[in-house]
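Taking it in order: structure first as structure tokens, then the write-up.
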Amino acid sequence: MTKTTSFKLRRNITLLVSCFLGSQAWAVEQLNISTDQMKTMGIQTAPVLSNSGDLKNRYPAQVVVPPGAEQIVTSPMQAMVSQLLVSEFQVVTKGDPVVRLTGPAMSQLQLELLQASSRASLARKAYNRENTLFEEGIIPQRRAQEAEAALREAEATLSQVRSELSLAGLSKSDTDKIIKSGSPSDGIILAAAQDGIVTSISVKPGQRVDAATALLNIAQVKVLWVDIQATSTAAQNISLGTIVNVVGKDVSGKIKSISPIIASGNQFVIMRAEIENVQGKLRPGEYISVDIPVASSGNTWDLPLSAIARNKADSVVFVKTEQGFSVRPVEVMASTGQYVRIEGDFQPRDQVAISGVIALKGAWLAEGEAE
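Here it is, written out as structure tokens:
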């Protein structure tokens, strides 16, 4: 064994425990170092901390609108955008007019409504007359039944035209007004179906559009989703219901779903959190960062990052003993900021080296080579 090292220390290594992980044999080793030698090497210690639950990892994320919270206002037929009644990012309430369309198709539908209404009115009068005559015994029952069938057919036609106009954006009160006035119009005003914010407008005044063309989007923003990107390893330690805190926004939510697949573009797992009571602090499409608490078990501990020494893929810490330090393997569960959460066999009274760790690692590796 080499008697003189770069640190001019004499070390006796005692093998305490050996355990095998695959082909790698880990040995718990003892480095005999006195208090004076610790001072010379600049070694300081600190107690291991039982996990406080405050250790968090930070992840990139993007704010998105839940599918059920977004209304896409579309054109019900071929028409021209004659007027936009709202602007982007404007707050609207249910029933507010948002866009006016004009076109011959709307005029034709309203004409059909008036015709169907007139036929239904005539059929109703004819049925009432024929039914009265039948009850008085003047006409046979067959004529009353024929009048009733004609009435039902006329009312069905009227109901169909009303349904078409409803799909086009006209309410029952609107169609009643058209029937009462007897005058069709070539225009229609589409209204917001929910409270929200106009997130985008896809058309301009004067533009001609086909049926089902998207005109604008309205999103409710009281409840939003946050799509969080995490590695598959990190996602394995996160469960549904875990609290998510949005950095710098003073809002939080809970994980509601974790994707079972990895995105091919970036190899991340998407975790989705629901954020309630947004109160205008988040906007759809916004890129943010979120903090998620690190999961812990009964045998996990928090240490300063400087306490960890790495040897290839393995991690160790140096635990203070009466003779010096023991080398103890650990598994790093998470690392955030200046602290790490580890899993290992520790007691609350254990002290670990938090400075001078590089010197201890060098001494440990040198002794291993000498052995």
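Reading the sequence shown from the start, the letters are residues -27 to -1, 1 to 344 in mature numbering (1 follows the signal peptide of the UniProt record, and there is no 0).
Glycine residues also receive a C-beta, built at the ideal position from the N, C-alpha and C atoms.
None of the values given here were measured: they were computed from a predicted structure.
Put simply, of I331, L197, T172, D323 the residue whose alpha carbon is nearest the alpha carbon of V64 is T172. With a beta-carbon spacing of about 5 Å, D264 and N218 fall inside the 8 Å limit used to define contacts. Annotation note: the segment 81 to 166 contains the following uninterrupted alpha helix (DSSP H) runs of length 4 or greater, listed N- to C-terminal: 114 to 140, 145 to 154. DSSP, read as helix, strand or coil, puts S279 in helix. DSSP places A208 outside any beta strand (DSSP E); the residue lies instead in the alpha helix (DSSP H), whose first and last residues are 205 to 209. With contacts defined as CB atoms closer than 8 Å, A203 and V242 qualify as a contacting pair. Distance between S237 and E126, taken at the CA atoms: about 57 Å. Under the three-state reduction of DSSP, P77 is assigned to helix. Bounds of the beta strand (DSSP E) holding T172 are 169 to 174. Secondary structure of I235 (DSSP, three-state): coil. Proximity to I45 across Q51, N250, Y260, D168 peaks at D168, based on C-alpha coordinates. Considering only F62, S205, S60, F298, the residue with the shortest C-alpha distance to I327 is F298.
When L255, I231, V251 are compared, the shortest CA-CA separation from R245 is found for I231. According to the DSSP assignment, M306 belongs to the beta strand (DSSP E) that extends over 297 to 309. Nearest neighbour of Q51 by Cα position, chosen from L82, Q240, L57, V59, turns out to be L82. For M11, the enclosing alpha helix (DSSP H) covers residues 8 to 14.
With respect to S90, I152 sits close: the two C-beta atoms are nearer than 8 Å. In the three-state DSSP reduction, A268 falls in the coil class, being neither helix nor strand. R301 places its beta carbon 8 Å or farther from that of V267. CA-CA distance, E295 to V224, rounds to 49 Å. Setting aside the 5 residues that flank it on each side, E247 is surrounded in the same chain by V196, W198, G226, K227, K229, each with a C-beta closer than 7 Å to its C-beta; the list follows chain order. Taking a cut-off of 8 Å on C-beta distances, the segment 85 to 100 touches the segment 137 to 153, as three or more cross pairs fall below it. Membership of K29 in the beta strand (DSSP E) is indicated by the continuous run 29 to 37.
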